[in-house]
Amino acid sequence: MISYLIATFIVLMIIVASFDVVPIFRDWLSRIGIGRFTDRNQWKDKLLKKGKVWLNKTPKMKVTDQTRLVILDKLRGNYSKSTIQHWQEAALILGLLKEMNNNQDNSVQRELNQFILRTFNTSGDWKKRPIHIDGAMLAYAAMKYDSEGKYKKAYDYMWTLIKDHIGEDQTVGYRKSMIDYRYVDTIGFICPFLVCYGLRYGKAECIQLAVRQIKEFSHYGMLQKPFLPCHAYQISSKLPMGIYGWGRGLAWYAIGLLDTWLELPNDYSEKKEIGELLERLATSCKDLQKQDGSWGWVVTRSEARADSSVTAVMAWFLANYHSGSHHTDHQVKKALAYLQAVTRKNGEVDFSQGDTKDIGVYSQLFNVMPFTQGFTIRAQS
610 MISYLIATFI VLMIIVASFD VVPIFRDWLS RIGIGRFTDR NQWKDKLLKK GKVWLNKTPK
670 MKVTDQTRLV ILDKLRGNYS KSTIQHWQEA ALILGLLKEM NNNQDNSVQR ELNQFILRTF
730 NTSGDWKKRP IHIDGAMLAY AAMKYDSEGK YKKAYDYMWT LIKDHIGEDQ TVGYRKSMID
790 YRYVDTIGFI CPFLVCYGLR YGKAECIQLA VRQIKEFSHY GMLQKPFLPC HAYQISSKLP
850 MGIYGWGRGL AWYAIGLLDT WLELPNDYSE KKEIGELLER LATSCKDLQK QDGSWGWVVT
910 RSEARADSSV TAVMAWFLAN YHSGSHHTDH QVKKALAYLQ AVTRKNGEVD FSQGDTKDIG
970 VYSQLFNVMP FTQGFTIRAQ S
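In the working numbering, the protein residues as written are 610 to 990.
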């Protein structure tokens, strides 16, 4: 009996340990030969191949930084959340859409069709409705593919969910439990969707809300020189929260600002004002790029570890923001060269900062992230 219990205990320990050891070993093995692509087209093909696979088999992103007793997080449901997955999938769609539009790739279209069919039902609604506003980024990506508006019910639901998060200052809170705070993440999540949805379905209030969200954050949540976001600000006190220069916060602001500006009609009254914000942001981004072409997880510190997710977004941002006073080809080439240098031989872009835990509490794990893969593809010319 005792020997049976000992054997059972040993087996259980081996199983528990395998949940910790196997991912570490897999990362080590995958990083052998990292960055050895000598041909740019070969690298792009590998990126795209992995992006297509990941769209319908998206890796689960970890919520915690825990690397020991991982099985406990999985059993408690704390390992990953669907909310995080929404913006991973959205970035992949946006990247693959650019590839499909540029090269008429039928294999990309097949993957996009498969994703749409498993995400939305035949009545045009979500099969599983998002419960947080993060889902607006996925709705935006779907709208860019769904030109016929087959899934309008899903987009209508997203607008209803966003309205339900509008606070007393008439801007959108990140979570109802934190309604007194305005997060920079929200700019990237909701603003492009609101403009796209508002224009398509004749809802001017959606466009006005997106512009108000950007203007309010740009006033209260930005360091003015250099022009950089903090993580959040409190609407009651107007005090900034977290740090100025958090890399992914800069990425969220850049995504929201540029995609909103691109969606707005040229004759829209406040497009010029959004363009002026873009001008200031582009100047700051260029000045904070590292010598190796990357941006750090804290962009104001040259010593901070490079973050591929920020670098991919900045490469896309500078490649797609066109202004007579900015010539960004050099910066974009450096950023793409860095991303090529940190791409595993199987096509996965490595070393992206993990999910943020709270205002001012940032992950120190750096690994692969589908979001980064999507924006690296999106940044390609």
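Beta carbons: idealized from backbone N, C-alpha and C, even for Gly.
Per DSSP, the continuous alpha helix (DSSP H) segment holding residue 819 begins and ends at 813-829. In the assembly as shown, residue 885 is an exposed residue. Its beta-carbon has fewer than 16 other beta-carbons within 10 Å. Inter-segment contact for the stretch 756-763 and the stretch 692-703 is absent: fewer than three beta-carbon pairs are separated by less than 8 Å. In the DSSP assignment, residue 754 falls within the unbroken alpha helix (DSSP H) covering 744-754.
With contacts defined by Cβ atoms closer than 8 Å, residue 793 and residue 858 form a contacting pair.
By the Cβ test, the stretch 635-655 is in contact with the stretch 945-962, since at least three Cβ pairs between them sit closer than 8 Å. Judged by DSSP secondary structure, residue 651 falls within the alpha helix (DSSP H) whose first and last residues are 649-665. Residue 851 sits in coil when the DSSP states are folded into three classes, being neither helix nor strand.
Pairing residue 954 with residue 645 gives a Cβ-Cβ distance under 8 Å. Exclusion of the five residues before and after residue 702 leaves 664, 721, 724, 747, 750, 751, 753, 754 and 983 as the residues of its chain whose Cβ lies within less than 8 Å of its Cβ. Judged by DSSP in its simplified three-state form, residue 778 adopts coil rather than helix or strand. The beta carbons of residue 905 and residue 896 sit no closer together than 8 Å. Restricting attention to 835, 843 and 712, the CA atom closest to the CA of residue 777 is found in 843. Nearest to residue 840 by C-alpha distance, out of 828, 853 and 848, is 853. Taking a cut-off of 8 Å on C-beta distances, the stretch 829-840 does not touch the stretch 728-736, as fewer than three cross pairs fall below it.
Per DSSP, reduced to three states, the secondary structure at residue 729 is strand. In this structure, the beta-carbon distance from residue 976 to residue 990 does not fall below 8 Å. The DSSP-derived three-state label of residue 734 is coil. In this structure, residue 918 places its C-beta atom within 8 Å of the C-beta atom of residue 980.
Within its own chain, the residues whose Cβ lies closer than 7 Å to the Cβ of residue 893, once the five positions on either side in sequence are excluded, are 835, 836 and 837, listed in chain order.
As the crow flies, the alpha-carbon of residue 924 is around 13 Å from that of residue 704. Annotation: the stretch 915-973 contains the following complete segments of the alpha helix (DSSP H) (minimum length 4 residues), in chain order: 917-929 and 938-950. For residue 875, the three-state secondary structure derived from DSSP is coil.
Put simply, the backbone Cα of residue 815 is about 12 Å away from that of residue 779. Residue 811 is classed as exposed because its beta carbon has fewer than 16 other beta carbons within 10 Å across all chains shown.
Note on geometry: alpha-carbon atoms of residue 706 and residue 717 lie some 8 Å from one another.
Around the beta-carbon of residue 944, 16 or more other beta-carbon atoms lie within 10 Å, marking it buried. Around the C-beta of residue 912, fewer than 16 other C-beta atoms lie within 10 Å, and the residue is accordingly described as exposed.
825 is the residue among 888, 825, 921 and 964 whose C-alpha sits nearest the C-alpha of residue 847.
Taking a 10 Å sphere around the C-beta of residue 738, we find fewer than 16 other C-beta atoms and assign the residue as exposed. Going by beta carbons, residue 907 and residue 860 fall outside the 8 Å limit. Straight across, the Cα-Cα distance linking residue 964 with residue 611 is about 44 Å. Put simply, of 791, 653 and 890 the residue whose alpha carbon is nearest the alpha carbon of residue 856 is 890. Counting of Cβ neighbours within 10 angstroms places residue 883 among the buried residues, the total reaching 16 or more. Nearest to residue 806 by alpha-carbon distance, out of 850, 920 and 760, is 760. Between residue 804 and residue 869, the CB-CB gap stays under 8 Å.
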